[in-house]
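Asks: The opening residue of the sequence shown carries number 608 in my numbering; numbering runs sequentially from there. Cβ coordinates follow ideal geometry from the N, Cα and C atoms, glycine included. These numbers come from a predicted model, not from an experiment.
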Amino acid sequence: MSLRHQICLILFGLFFFVQLANGQEKIDRWESFYNKDSTAVGFKDQHGQIRLDSIYLPYLNVARSFESIMTIGKADGDIWDGYFLTKSGNIVGHDSIYFFDNTPDCENEGFIRFRDKKSDKVGIFNSRGEIQIPAEYDGLTKVRNGLIIGLKGAKKRYLKDNQGNQTDEHYVWEAGQEVLIDTLNQVLVERFPYNDDLNYYSVSISEEPSADPTRNSFKGVNGKYYSFINYELELEQQIATLLSTGLSPEKLASFCFEEVTYSDDKLGWIALPKEEFVYRFYQAVQKELQKLTANRDQCFFTLDGLNPFIFESALYKEYYDPCGFSNDWKYPSVNFVINQSKDFSKRQTHLHFLRTKEGFKLIMVSL
608 MSLRHQICLI
618 LFGLFFFVQL
628 ANGQEKIDRW
638 ESFYNKDSTA
648 VGFKDQHGQI
658 RLDSIYLPYL
668 NVARSFESIM
678 TIGKADGDIW
688 DGYFLTKSGN
698 IVGHDSIYFF
708 DNTPDCENEG
718 FIRFRDKKSD
728 KVGIFNSRGE
738 IQIPAEYDGL
748 TKVRNGLIIG
758 LKGAKKRYLK
768 DNQGNQTDEH
778 YVWEAGQEVL
788 IDTLNQVLVE
798 RFPYNDDLNY
808 YSVSISEEPS
818 ADPTRNSFKG
828 VNGKYYSFIN
838 YELELEQQIA
848 TLLSTGLSPE
858 KLASFCFEEV
868 TYSDDKLGWI
878 ALPKEEFVYR
888 FYQAVQKELQ
898 KLTANRDQCF
908 FTLDGLNPFI
918 FESALYKEYY
928 DPCGFSNDWK
938 YPSVNFVINQ
948 SKDFSKRQTH
958 LHFLRTKEGF
968 KLIMVSL
């Protein structure tokens, strides 16, 4: 083994050791609370001590848990001031809050996006409130396993409303180039297509494209290949493996989440313990799953997100981020859709699977 390869192995070992240590480190989270009339929000520590008084605007602070950095703001009459606040009390980024669909950004892995108002470019603050990625991108994804997709050189095209009038609120990016970068702003892969189907926590670096049919590979600027598990392909393989070994009520139960929700035309969404669900719906679910091999052209997979109005019990807490949004980049929900007729005259069947630490689990059906 060459000295260069030995050094690479040592560096990778240190990286994964740090990642493991970070994962085991206890996070001192502060939880949000409202004032008496629910017009302002503050934060308490794990002992119930108030660390931030309830004087902040709820629509500028969507964090339910304060880990290291968040958006926050106060009002003085009709004038409001939005900025970023770190756990140590450092205030940065006045009037630079990054909004997506009228919602402020939420910290992920100790990083949060900001938008430079003058240049209209996007950058990233770290947990100390320092600029980690300068505001030189048209768009940036959240940091996912230390990886970010950035967009440069694009142009905004504003969309029109129902009356055909151009709006200044909704737009799409056209042209430009997407790149995969790390938190040091180093380009890893050029022309990297934006893709939410990829599991960025499964990254593998090799000399050749991955032979794993569930992985997508991309050639990096260093000549090596970065491959990622594709969530949809992973679920399809998991279902196919289950069917090939012979489906049974016991195997289906092991493929289910602790509870499974189903749709009732009269009662709405009803959650059942997985054992009861399998007892009542085994035949129906078996029939639909088998269509993956019998009628593959009538099936497709699509990424979905957890609906907080349906999945609101404590069972799902870890599958939401500190702001209460579905953590789709780490624990996505994939919808297995079966068309019941080629002309779409019959309604579709939907089987929803949640990606957990133990793989995909069935969480909801609409039969």
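Quick one: using the 10 Å Cβ neighbour count with 16 as the cut-off for buried, is His959 buried or exposed?
Replies: Looking at its Cβ environment, which holds 16 or more other Cβ atoms inside 10 Å, His959 is buried.
Asks: With hydrogens ignored, establish whether the beta-carbon of Ala682 is closer than 7 angstroms to any heavy atom of the ligand MG.
Replies: By its list of ligands, the structure shown contains no ligand whatsoever, and the ligand MG lies outside what it can speak to.
Asks: Do you know how far the Cα of Ser861 is from the Cα of Leu849?
Replies: Using only the alpha carbons, I get a separation of about 10 angstroms.
Asks: Would DSSP call Arg954 helix, strand or coil?
Replies: Arg954: coil per DSSP, three-state reduction.
Asks: In three-state DSSP terms, what is Glu638?
Replies: Glu638: strand per DSSP, three-state reduction.
Asks: Which residue wins for smallest C-alpha separation from Asp871, given the options Phe718, Met971, Thr646?
Replies: Taking only the C-alpha atoms, the option nearest Asp871 is Met971.
Asks: If we call anything under 8 angstroms between Cβ atoms a contact, is Pro880 one with Glu857?
Replies: Not closer than 8 angstroms, so no.
Asks: Contact check, Gln784 vs Gly746 under 8 angstroms by CB: the rounded distance?
Replies: Their Cβ separation, rounded to whole angstroms, is 11 angstroms, which puts Gln784 and Gly746 out of contact at 8 angstroms.
Asks: Within 10 angstroms of its Cβ, does Gly757 collect 16 or more other Cβ (buried), or is it exposed?
Replies: The residue in question, Gly757, is buried, as its Cβ has 16 or more Cβ neighbours within 10 Å.
Asks: Under the rule that 16 or more other beta-carbon atoms within 10 Å means buried, what is Arg611, buried or exposed?
Replies: Summary for Arg611: the model assigns pLDDT 44, below 50, so the residue's position carries little reliability, and this model does not support an answer.
Asks: Kindly list the residues whose CB is nearer than 7 angstroms to the CB of Gln845, restricted to its own chain and excluding five residues on each side of it in sequence; keep chain order.
Replies: The answer, listed in chain order, is Gly966, Phe967.
Asks: Suppose only complete runs of 3+ residues qualify. What are the beta strand (DSSP E) ranges in the stretch 762-843, listed by chain order?
Replies: Counting only runs of 3 or more, we get 773-789, 794-796, 805-813, 822-826, 832-837.
Asks: Among the residues of its own chain, which have a CB less than 7 angstroms from the CB of Ile877, if the five just before and after it don't count?
Replies: The answer, listed in chain order, is Thr868, Tyr869, Asp871.
Asks: Exposed or buried, which one is Gln626 when buried takes at least 16 other CB atoms within 10 Å?
Replies: Confidence is the limiting factor: at Gln626 the pLDDT is only 45, short of 50, which leaves the residue's position unreliable and the question unanswerable from this model.
Asks: Taking C-alpha atoms, which residue in Phe918, Tyr926, Glu743, Gln897 lies nearest to Ser851?
Replies: Checking every option, the nearest Cα to that of Ser851 belongs to Gln897.
Asks: In chain order, what residues of the same chain have a beta carbon less than 8 angstroms from the beta carbon of Leu805, not counting five sequence neighbours either side?
Replies: Contacts found: Asn823, Phe835, Ile836, Asn837, Tyr838.
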